[in-house]
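Student: For reference, the structure I am asking about is given below.
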Amino acid sequence: MVVAKKWVLVKRSEGYPKETDIVLQEETLPELKVDEFLVEAVYLSVDPYMRAMMPRSEVNTTMIGSQVGKIIESKNPKYPVGKYVIGQYGWRTHTIVSGNEFTRILPDLGGLPSSLALGILGMPGNTAYFGFLELCKPKAGETVVVSAAGGAVGSIVGQIAKIKGCTVVGIAGSDQKGKWLTDELGFDSFINYKTDNVEEALKKAAPKGVDCYFDNVGGEISTIVMNQMNEFGRVAICGAVSYYNEKEIPKVPAPQFAIVSKQLRVEGFIAIRWTGRWMEGLKQNTEWIKQGKLKYHETVTDGFENMFKAFVDMLKGGNMGKALVKA
Ligand SMILES: NC(=O)c1ccc[n+]([C@@H]2O[C@H](COP(=O)([O-])OP(=O)(O)OC[C@H]3O[C@@H](n4cnc5c(N)ncnc54)[C@H](OP(=O)(O)O)[C@@H]3O)[C@@H](O)[C@H]2O)c1
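Just so we're aligned: the sequence shown equals residues 2 to 328 in this note's numbering.
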């Protein structure tokens, strides 16, 4: 008899999630039926979208999310014991899965760690790869700005921009992240939005103006960046993490004047738009890692019981690169 642990949303959070909003529970799992298999979580992802989805999530349901897990029991010959899989099973230690529902066998990562399937070789990696290249269409010599640059998606976008020959400015919330971006990842400059005057700092960092903006945060930072864009600049709207923990969307200066007067192309996206080309992004990112052109960092929290803490830490900027939990 297997007893699964799971984190259940019992109250939609107002502001940053509280310990009383998401609680750890146990569930005794039944015996496997034909076609089913049992997955034990190895790595679990904590992502901003989990907070963004909360207002639309049912209460008393398991927190949503993806994990890399190992099959430990199986009545499905296509999913034998010992195989590693990636699945959208939510915040759970053990999950009974039927058929191939929400499951992919972990692809060959060429000897790289399996945890990367939740980061640079998974959804965040492809968000950066497709969102940036397809929407921003960067050209060598152009200036690119990335917000939430020290996170899972932003840190990859900036490096891809460097690979494409651009000048890259990262905006993030700590000098430690800034040092990592410039000294290790090759960003040209860094703005700390918590301590710098972003408008003035950006004028210095991008004296020829901004051609591409990869927007992870929304809000005032984004209007400031758009006001400094060049004519026909491109903006990829990836997320708005600056709002996710706010009760009301803050009133900030609108970017419309910049969009019209500079004739900007502004487009939002969801990474699954490129599901049909998914492996292309993973293959290219793997190749760049092997060539030493793309680096990654993971902020790993130990222990399934610490998922809530890892989640809130990430929302507050405690992660550098991809935030993960090792079960
Ligand atoms: N469209 C898609 O398909 C897609 C897919 C994946 C992710 N996303 C979006 O991409 C963005 C980044 O996601 P991620 O997974 O890479 O997360 P992440 O950047 O690794 O983690 C979130 C980061 O947001 C920053 N942040 C928190 N509050 C902020 C605020 N008020 N203002 C500015 N920055 C703030 C924090 O860094 P600081 O230290 O810099 O504050 C934190 O580390 C999110 O908006 C997410 O929703 C979209």
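Ideal Cβ placement from N, Cα and C applies to all residues, glycine included.
Does the Cβ of G282 lie closer than 7 Å to at least one heavy atom of ligand 1?
Tutor: Walking along the sequence shown from the start, residue 282 turns up at place 281. Not so, every heavy atom of ligand 1 lies at least 7 Å from the Cβ.
Student: Applying the 10 Å Cβ sphere with the 16-neighbour rule, what's the burial state of M321?
Tutor: As a first step, residue 321 must be located in the sequence shown, where it is residue number 320. Classification for M321: buried.
Student: What does the alpha-carbon distance come out to for the pair V145 and A207?
Tutor: As a first step, residue 145 must be located in the sequence shown, where it is residue number 144. As a first step, residue 207 must be located in the sequence shown, where it is residue number 206. Using only the alpha carbons, I get a separation of about 9 Å.
Student: Report the option in S175, V326, E247 and T276 whose CA atom is closest to the CA atom of D197.
Tutor: For the purposes of this step, residue 197 is identified with residue 196 of the sequence shown, where counting begins at 1. D197 has its Cα closest to that of S175, out of S175, V326, E247 and T276.
Student: Just to confirm my understanding: we take V326, look at its own chain, exclude 5 residues before and 5 after, and list those with CB closer than 6 Å. What are they?
Tutor: Your numbering for residue 326 matches position 325 in the sequence shown. Around V326: L45, T302, M308 and A311.
Student: So who's on the other strand from G269, going by DSSP bridges?
Tutor: Residue numbering aside, residue 269 sits at position 268 when the sequence shown is read from its first letter. DSSP output for G269 lists I238 as bridge partner(s).
Student: Would you report the Cα separation of N286 and M124, rounded to the nearest angstrom?
Tutor: The sequence position of residue 286 within the sequence shown is 285, counting from 1. The sequence position of residue 124 within the sequence shown is 123, counting from 1. Those two C-alpha atoms are separated by around 12 Å.
Student: Residue range of the beta strand (DSSP E) that L325 falls in?
Tutor: As a first step, residue 325 is located in the sequence shown; it is residue number 324 there, counting from the start. It spans K323 to K327 - the beta strand (DSSP E) in which L325 sits, taken as one unbroken run.
Student: Classify C167 as helix, strand or coil using the three-state DSSP reduction.
Tutor: As a working mapping, residue 167 is identified with position 166 in the sequence shown. Here C167 sits in coil by DSSP.
Student: Can we count N320 as close to ligand 1, meaning its CB is less than 7 Å from some heavy atom?
Tutor: On the sequence shown, position 319 is the one that residue 320 refers to. Yes, the beta carbon of N320 sits closer than 7 Å to at least one heavy atom of ligand 1.
Student: Would you list the one or two residues that DSSP bridges to A5?
Tutor: Indexing the sequence shown from 1 puts residue 5 at position 4. DSSP lists E28 as partners of A5.
Student: Can you find a heavy atom of ligand 1 that lies under 7 Å from the Cβ of M51?
Tutor: For the purposes of this step, residue 51 is identified with residue 50 of the sequence shown, where counting begins at 1. Outside the cutoff, so no.
Student: Within 10 angstroms of its Cβ, does D109 collect 16 or more other Cβ (buried), or is it exposed?
Tutor: Mapped onto the sequence shown, residue 109 falls at position 108. It is exposed - the Cβ of D109 has fewer than 16 other Cβ atoms within 10 Å.
Student: So, V82 versus T104, is the Cβ gap smaller than 8 Å?
Tutor: Along the sequence shown, read from residue 1 onward, the residue named residue 82 stands at position 81. Along the sequence shown, read from residue 1 onward, the residue named residue 104 stands at position 103. Against a cut-off of 8 Å, the Cβ pair of T104 and V82 comes out as no contact.
Student: Using only the heavy atoms of ligand 1, determine whether one of them is closer than 7 Å to the beta carbon of A1.
Tutor: Since the first and last residues shown for the chain are 2 and 328, residue 1 lies out of range.
Student: Starting from A53, follow the alpha helix (DSSP H) in both directions and report where the run begins and ends.
Tutor: Along the sequence shown, read from residue 1 onward, the residue named residue 53 stands at position 52. Its alpha helix (DSSP H) spans residues P49 to A53.
Student: Hey, could you find the ends of the beta strand (DSSP E) V332 is sitting in?
Tutor: Look at the range of the chain in this structure, 2 to 328, and you will see that residue 332 is not part of it.
Student: Any heavy atom of ligand 1 closer than 7 Å to the Cβ of S175?
Tutor: Here residue 175 is taken as the residue at index 174 of the sequence shown, counted from 1. Yes.
Student: At a cut of 8 Å, does the region 289 to 304 reach the region 254 to 273 through at least three beta carbon pairs?
Tutor: no
Student: Is the Cβ-Cβ distance between D131 and W275 less than 8 Å?
Tutor: Along the sequence shown, one-based indexing puts residue 131 at 130. Along the sequence shown, one-based indexing puts residue 275 at 274. Just to set this straight, residue 131 is Phe in the shown sequence, not Asp. Yes; because the gap between Cβ atoms is below 8 Å, this pair is in contact.
Student: Please determine, among G111, M64 and V226, the residue with the shortest C-alpha to C-alpha distance to A237.
Tutor: Position 236 of the sequence shown holds residue 237. Considering only alpha carbons, the answer is V226.
Student: Roughly how many whole angstroms lie between the Cα atoms of A259 and G219?
Tutor: Within the sequence shown, numbered from 1, the residue matching residue 259 stands at position 258. Within the sequence shown, numbered from 1, the residue matching residue 219 stands at position 218. Cα-Cα distance, rounded: 15 Å.
Student: Below 8 Å between beta carbons: does that hold for S148 and I222?
Tutor: Position 147 of the sequence shown, counted from the first residue, corresponds to residue 148. Position 221 of the sequence shown, counted from the first residue, corresponds to residue 222. Contact: yes.
Student: Quick one: residues in its chain with C-beta nearer than 7 Å to the C-beta of S190, no 5 flanking neighbours on either side, listed in chain order?
Tutor: The residue labelled residue 190 in the question sits at position 189 within the sequence shown. These residues qualify, in order along the chain: V170, T183 and A206.
Student: Can you give the beta carbon distance from L136 to F270, rounded, assuming they're within the 8 Å contact cut?
Tutor: Indexing the sequence shown from 1 puts residue 136 at position 135. Indexing the sequence shown from 1 puts residue 270 at position 269. Yes, they are in contact, since the Cβ atoms of L136 and F270 sit about 6 Å apart, within 8 Å.
Student: Report the rounded CA-to-CA distance for P254 versus N217, giving the unit in angstroms.
Tutor: Counting from one through the sequence shown, the residue named residue 254 turns up at place 253. Counting from one through the sequence shown, the residue named residue 217 turns up at place 216. Going by the C-alpha atoms only, they are around 17 Å apart.
Student: At a cut-off of 7 Å, is V242 close to ligand 1 when judged by its beta-carbon and the heavy atoms of the ligand?
Tutor: Within the sequence shown, the letter at position 241 stands for residue 242. Answer for V242: yes, Cβ within range of ligand 1.
Student: Measuring CB to CB, does S14 end up less than 8 Å from M55?
Tutor: Locating residue 14 in the sequence shown gives position 13, where the first residue counts as 1. Locating residue 55 in the sequence shown gives position 54, where the first residue counts as 1. Yes; because the gap between Cβ atoms is below 8 Å, this pair is in contact.
Student: Let me know the secondary structure DSSP gives L45 once reduced to three states.
Tutor: As a first step, residue 45 is located in the sequence shown; it is residue number 44 there, counting from the start. Assigned with DSSP and collapsed to three states, L45 falls in strand.
Student: Could you pull the start and end residues of the beta strand (DSSP E) that F215 belongs to?
Tutor: Sequence index remark: in the sequence shown, residue 215 carries index 214 (1-based). It spans V211 to D216 - the beta strand (DSSP E) in which F215 sits, taken as one unbroken run.
Student: Unbroken beta strand (DSSP E) runs of length 3 or more, entirely within the region 137 to 164: which are they?
Tutor: 144 to 148
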